[in-house]
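Enquirer: In full-length UniProt numbering, the protein residues as written are 1 to 314.
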Ligand code: NVA
């Protein structure tokens with residue numbers, strides 16, 4: 001059965017740990033593994049804007065010995081010009097893996113059903129599992145073993161990053177605390193999955209409308225934009241006067257409620273003075289540039305893992 005990374009809990013706790021170990025090893029020795037030697041091609045498709053993801057997948061595939069083929073979603077018009085299933089069948093005959101940034105999770109699930117090669121979610125409306133792996137790698141580097149650690153996220157609880165922190169953090173055995181207004185709760189199904197995973201790993205999940213409760217004593221505090229890609233029409237309500245997220249901004253004062261040596265995470269792009277204070281993102285405990293670099297190492301590790309599983313037919 002072909003394995004994919006469509007959501008964070010597609011990796012078991014043991015697999016996630018293996019991928020993170022491998023990412024650390026690849027970071028230490030960037031050209032150590034070349035499973036795509038040939039070169040084999042990887043299609044990297046964007047239906048939404050990108051900077052970090054295009055850079056890190058392009059570099060990563062090249063470093064793995066492969067050929068990164070960036071496909072412009074505006075030209076391909078997947079699902080409009082032809083069905084997702086037909087595109088998947090065509091792409092799968094050409095390349096060794098597919099990386100796709102798109103809108104609905106149903107689209108990437110459809111791609112995975114028909115491509116016949118591993119499919120990696122490079123962000124959908126629901127999840128951003130590559131960022132999740134990069135963030136866990138960053139936390140591991142700065143704060144050590146993940147299990148038992150307290151990871152807080154404040155901001156929009158109903159977006160891809162909130163869902164990713166719930167699932168990826170629970171898989172790692174972390175205590176995940178989401179601080180978000182009652183109007184923007186995480187998806188109930190995702191929360192139930194995170195709770196089930198946490199019950200196996202010894203982690204826990206909590207969603208609270210009290211930002212201080214979310215960050216209290218946390219070793220890692222993350223936030224994200226209040227206007228995700230595709231929500232631009234809602235910008236004034238989300239970022240403007242009276243924003244429901246205002247109490248959840250990662251201000252200097254809120255960050256001070258976390259552990260004294262806590263690190264601050266943001267997947268970027270960031271809006272200083274909106275969801276995060278400049279003093280926090282540009283301060284000494286910000287790890288955002290490490291996070292951005294770790295996209296490369298985490299994605300190389302997960303691609304190598306999925307390709308091996310596919311080749312071995314496991
Ligand atoms: N929630 C953000 C993440 C950007 C990496 C978005 O979807 O735009």
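Glycine residues also receive a C-beta, built at the ideal position from the N, C-alpha and C atoms.
State the Cα-Cα distance for the pair residue 250 and residue 160, rounded to the nearest angstrom.
Expert: Along the chain shown, one-based indexing puts residue 250 at 250. Along the chain shown, one-based indexing puts residue 160 at 160. For residue 250 and residue 160, the distance between alpha carbons rounds to 18 Å.
Enquirer: State the Cα-Cα distance for the pair residue 95 and residue 255, rounded to the nearest angstrom.
Expert: In the chain shown, counting from the first residue as 1, residue 95 sits at position 95. In the chain shown, counting from the first residue as 1, residue 255 sits at position 255. Answer to the nearest angstrom: the Cα atoms are 45 Å apart.
Enquirer: Spatial neighbours of residue 219 within its chain, please: C-beta separation below 6 Å, excluding the five flanking residues on both sides.
Expert: Numbered from its first residue, the chain shown carries residue 219 at position 219. Around residue 219: 143, 149, 150, 259 and 262.
Enquirer: When burial is assigned at 16 or more other CB atoms within 10 Å of the CB, is residue 205 buried or exposed?
Expert: Taking the first residue of the chain shown as 1, we reach residue 205 at position 205. The residue is buried, with at least 16 neighbouring Cβ atoms inside 10 Å.
Enquirer: So what's residue 100 in DSSP terms, helix, strand or just coil?
Expert: If you number the chain shown from 1, residue 100 lands on position 100. Residue 100 falls in the strand class under three-state DSSP.
Enquirer: Any heavy atom of the ligand NAD closer than 6 Å to the Cβ of residue 160?
Expert: As presented, the structure is devoid of the ligand NAD, carrying the ligand NVA as its sole ligands.
Enquirer: Label residue 140 either buried or exposed according to how many other C-beta atoms from any shown protein chain fall within 10 Å of its C-beta, with 16 as the threshold for buried.
Expert: In the chain shown, residue 140 corresponds to position 140, counting from 1. The residue is buried, with at least 16 neighbouring Cβ atoms inside 10 Å.
Enquirer: Provide the residue span of the alpha helix (DSSP H) that contains residue 115, from first to last.
Expert: On the chain shown, position 115 is the one that residue 115 refers to. Residues 105-115.
Enquirer: Sorry if obvious, but does the Cβ on residue 267 come closer than 6 Å to a heavy atom of the ligand NVA?
Expert: Here residue 267 refers to the residue found at position 267 when the chain shown is read from its first residue. Indeed, a heavy atom of the ligand NVA lies less than 6 Å from the Cβ.
Enquirer: Is residue 29 near the ligand NVA, going by C-beta to nearest heavy atom under 6 Å?
Expert: Numbered from its first residue, the chain shown carries residue 29 at position 29. No, Cβ of residue 29 sits at least 6 Å from all heavy atoms of the ligand NVA.
Enquirer: As an exercise, report each continuous beta strand (DSSP E) stretch of at least 3 residues that is fully enclosed by the region 128-166, in chain order.
Expert: Qualifying beta strand (DSSP E) stretches, in chain order: 150-154.
Enquirer: Assuming contact is defined by CB atoms lying nearer than 7 Å, are residue 34 and residue 65 in contact in what I supplied?
Expert: As a working mapping, residue 34 is identified with position 34 in the chain shown. As a working mapping, residue 65 is identified with position 65 in the chain shown. Result yes, Cβ atoms of residue 34 and residue 65 sit closer than 7 Å.
Enquirer: Pick out the complete alpha helix (DSSP H) segments inside the region 208-264, 4 residues or longer, and give them in chain order.
Expert: Fully enclosed alpha helix (DSSP H) runs of 4 or longer: 211-215, 235-239 and 252-255.
Enquirer: Report the rounded CA-to-CA distance for residue 221 versus residue 285, giving the unit in angstroms.
Expert: Taking the chain shown and counting its residues from 1, the one referred to as residue 221 is at position 221. Taking the chain shown and counting its residues from 1, the one referred to as residue 285 is at position 285. Residue 221 and residue 285: Cα-Cα distance of roughly 10 Å.
Enquirer: Can you determine whether any heavy atom of the ligand NVA sits closer than 6 Å to the C-beta of residue 229, and answer yes or no?
Expert: For the purposes of this step, residue 229 is taken as residue 229 along the chain shown, with counting starting at 1. Correct: residue 229 has its Cβ closer than 6 Å to the ligand NVA.
Enquirer: How many Å lie between residue 252 and residue 86 at the Cα?
Expert: Residue mapping note: residue 252 aligns to position 252 of the chain shown, counting from 1. Residue mapping note: residue 86 aligns to position 86 of the chain shown, counting from 1. Roughly 50 Å separates the two Cα atoms.
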